[in-house]
Amino acid sequence: MSVDLNKRLSLKTAVLGLAAAMTMGLASYDVMAKDINSRIIRFGYGLADSSPSGHAVRFFAEEVGKLSDGKMKVKTYGNGSLGSDEQMQNALIGGSQELTFVSTAPLAGMVKGFGVFDLPFLFDNEKVADAVLDGPEGKKLLDTLPEQGLIGLLYWENGFRNITNSRRAIAKMEDIKGIKLRVMQNEVALAVFNGLGANAIPMPFTELFTALETKTVDGQENPLSTIKTSKFYEVQPYLTISNHVYTPFVLLASKRWWDDLTADEQGVITQAAKTAQAYQRKISRKADSEALQFIKDQGVEVSRFSPEEKEKIRTTLQPIVAKLRTEIGPDTVDGIMKAAKAAQ
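Under mature numbering (1 follows the signal peptide of the UniProt record, and there is no 0), the residues of the sequence shown are numbered -33 to -1, 1 to 311, in order.
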């Protein structure tokens, strides 16, 4: 090999080395340039730690840690240890808690439009629900929250709700009559179940198991995975697969806290929330399927509403739904229904 060739190779190596060093330097600069501060973030929720959403919260916490290079630490508090959904919602507004997820029912108390998700048989399946929630109509509702002191990051899955009770098997609409049924704390859920003849009783989720155990209420309605992880099957011998309502969770941030974050910190939370959304929906749907078999194995008697029975319920509730449409907001109800029809 000639001296000139050796010189050229040495020069090329030096140039490549310099380029690599500059690239590494730029990468390091990018990391260092991110405006991320050390923060402790409290994330409280009402469901059990073992629930799919409990797993998703921990997944979210890990994502935030990764994306912030360990600077932003999410501390999780499940099992309602920070209070009821309403209490945590108010804590976010006051700035004493940073994150939670709640069903849309408590939010309907401050923004009536969220009551649309308690209307019966709104979505045929999860695919339709995802399309509507992640689309323009779902975002319109999230955009109403900042003026209430909250930031709606996105929707997680709560799921299709089903009825359990300790009185009798419910396979027909008439079987619901006289059942003391715990419902979510909003006017829509109350109106729907009272309209079907139940004695609907609003109650925080954190008080529900004790109320079922002592027979303060006869029954409740929740997704199958919640029925399993909350151990309602221990005090509820009857389950009805009704799929009467699909309710999402809303991942909420305190606006006071959010406004104090840098743009990079907000980006970390937003990206982690989106990644966790896909994970939460996946494991939630898998858990729902597994929960049904588990509940059957505990000796719970399972009934189902036939398509004809669902149609009868729709017909019975038509006057109530028409009235609720006016109260919730015709534009919201019509917009969500139109989006659902388009997504079918």
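All C-beta atoms, glycine included, are put in the ideal place defined by N, C-alpha and C. Please read all numbers here as calculations on a predicted model, not as lab measurements.
Neighbourhood of residue i by C-beta distance below 6 Å, restricted to the same chain and skipping five residues each side
{"i": "I3", "result": "S35, K38, D231, E232"}
{"i": "T229", "result": "D2"}
{"i": "I287", "result": "A158, G162"}
{"i": "S51", "result": "P171, T173"}
{"i": "L109", "result": "G119"}
{"i": "V41", "result": "I8, F10, A28, V31"}
{"i": "E53", "result": "P73"}
{"i": "F160", "result": "L148, V150, A167"}
{"i": "A165", "result": "I143, I146, L148"}
Which of helix, strand or coil DSSP assigns to residue i
{"i": "F127", "result": "strand"}
{"i": "I60", "result": "helix"}
{"i": "N161", "result": "helix"}
{"i": "R149", "result": "strand"}
{"i": "G32", "result": "helix"}
{"i": "K40", "result": "strand"}
{"i": "L49", "result": "coil"}
{"i": "I8", "result": "strand"}
{"i": "F216", "result": "strand"}
{"i": "R248", "result": "helix"}
{"i": "L121", "result": "strand"}
{"i": "V267", "result": "coil"}
{"i": "P169", "result": "strand"}
{"i": "S256", "result": "helix"}
{"i": "S17", "result": "coil"}
Buried or exposed (CB count within 10 angstroms, at least 16 for buried), residue i
{"i": "G145", "result": "exposed"}
{"i": "N153", "result": "buried"}
{"i": "P274", "result": "exposed"}
{"i": "T71", "result": "buried"}
{"i": "P190", "result": "buried"}
{"i": "L258", "result": "Checking the displayed sequence, the identity of residue 258 turns out to be Ala instead of Leu. So A258 ends up on the buried side."}
{"i": "N92", "result": "exposed"}
{"i": "L73", "result": "Reading off the sequence shown, one finds Pro at residue 73, where the question assumed Leu. Result: buried."}
{"i": "G105", "result": "buried"}
{"i": "P169", "result": "exposed"}
{"i": "T293", "result": "exposed"}
{"i": "A289", "result": "exposed"}
{"i": "E188", "result": "buried"}
{"i": "L291", "result": "buried"}
Alpha-carbon to alpha-carbon, residue j and residue i
{"i": "A58", "j": "K241", "result": "23 Å"}
{"i": "residue 344", "j": "T177", "result": "Residue 344 lies beyond the range of the chain shown here (-33 to 311); nothing can be said about it."}
{"i": "Y246", "j": "Y44", "result": "19 Å"}
{"i": "S5", "j": "G21", "result": "24 Å"}
{"i": "Y200", "j": "D227", "result": "44 Å"}
{"i": "P103", "j": "K305", "result": "12 Å"}
{"i": "L112", "j": "K195", "result": "31 Å"}
{"i": "M(-10)", "j": "K33", "result": "Reliability of the predicted coordinates at M(-10) is poor, the pLDDT of 40 falling under 50, and no value is obtained from them."}
{"i": "S63", "j": "Q115", "result": "15 Å"}
{"i": "T282", "j": "M55", "result": "37 Å"}
{"i": "I118", "j": "G302", "result": "22 Å"}
{"i": "D101", "j": "K263", "result": "33 Å"}
{"i": "L121", "j": "F127", "result": "18 Å"}
{"i": "residue 314", "j": "S209", "result": "In the structure as shown, the chain starts at -33 and stops at 311, and residue 314 therefore has no counterpart that could be examined."}
{"i": "H211", "j": "S221", "result": "31 Å"}
{"i": "V83", "j": "Q265", "result": "34 Å"}
{"i": "F88", "j": "T299", "result": "16 Å"}
{"i": "T214", "j": "D97", "result": "11 Å"}
{"i": "L148", "j": "K308", "result": "30 Å"}
{"i": "S270", "j": "E124", "result": "24 Å"}
{"i": "R25", "j": "G234", "result": "18 Å"}
{"i": "F261", "j": "S48", "result": "27 Å"}
{"i": "M77", "j": "I280", "result": "28 Å"}
{"i": "V155", "j": "L284", "result": "12 Å"}
{"i": "T207", "j": "I60", "result": "37 Å"}
Same chain only: Cβ atoms within 8 Å of residue i, ignoring 5 sequence neighbours per side
{"i": "S133", "result": "L179, K182, D185, G186, V202, Q203, P204, Y205"}
{"i": "E30", "result": "Q238, A239, T242, A243"}
{"i": "A15", "result": "G21, G45, N46, T196, S197"}
{"i": "I250", "result": "P19, H22, A23"}
{"i": "V99", "result": "F90, G105, I303, A306, A307, A310"}
Own chain, CB closer than 7 Å to residue i, minus 5 neighbours either side, in chain order
{"i": "G296", "result": "K79, G80"}
{"i": "D255", "result": "G126, P190, L191, S192"}
{"i": "W224", "result": "G62, E65"}
{"i": "K139", "result": "E276"}
{"i": "L175", "result": "R149, Q187"}
{"i": "V95", "result": "A307, A310, Q311"}
CB contact below 8 Å: residue i versus chain C
{"i": "R6", "result": "The structure shown contains no chain C; it holds only a single protein chain."}
- Message: My parser needs the alpha helix (DSSP H) runs of 4 or more residues fully inside the stretch 65 to 119; what are they?
- Response: 71 to 75, 93 to 100, 103 to 109
- Task: Any chance you could list the alpha helix (DSSP H) runs of at least 4 consecutive residues sitting entirely within the stretch 173 to 207, in chain order?
- Result: 175 to 180, 191 to 196
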